[in-house]
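Chemist: I have a structure I would like to understand better, so I am pasting it below and will then ask my questions one at a time.
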Amino acid sequence: MEIEIVRKSIRNFLNNKPRNTAEISSWLSQMNISLNLDLAKFLEADEFIVRIGEVRNSGVIDPSYSLSEWATMDWTEHHGRKSEIN
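Quick look at the structure:
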């Protein structure tokens, strides 16, 4: 699938609410979209998606392990949240 189409699909997925990296990865799998890239780097490279925080207790392997939380720029502007990393 073309990269720009994947980017737009992820933006649409994030428009309703922020999601963590694992949720985005799972959603991509459900949509039969496979990326042979580091998902966090892929999201960081998108000018319309921002990292807004970390989620710690997501039931992943280790409770001390954290996942990044991502949102669209539109969502952050509408909800008054700022990017964690500028």
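Residue numbers (our numbering): 23 to 108.
Quick reminder that beta carbons are idealized off the backbone N, C-alpha and C, glycines included.
#1: Where does alanine 109 sit, in a helix, a strand or coil, going by DSSP?
#2: Identify whether serine 56 lies in helix, strand or coil by the three-state DSSP scheme.
#3: Determine the contact status of arginine 41 and phenylalanine 70, defining contact as a CB-CB distance below 7 Å.
#4: Given tryptophan 49, which residues of its chain have a CB within under 7 Å of its CB, disregarding the five upstream and five downstream residues?
#5: CA-CA distance, glycine 27 and isoleucine 74?
Modeler: Taking the definition as stated:
#1: Within the shown structure, residues of the chain are numbered from 23 to 108, placing residue 109 beyond reach of any answer.
#2: Taken through DSSP and simplified to helix, strand or coil, serine 56 comes out as coil.
#3: Contact: no.
#4: Closer than 7 Å at Cβ, skipping near neighbours: Phe35.
#5: The amino acid at residue 27 is misidentified as glycine; the sequence shows isoleucine. About 23 Å.
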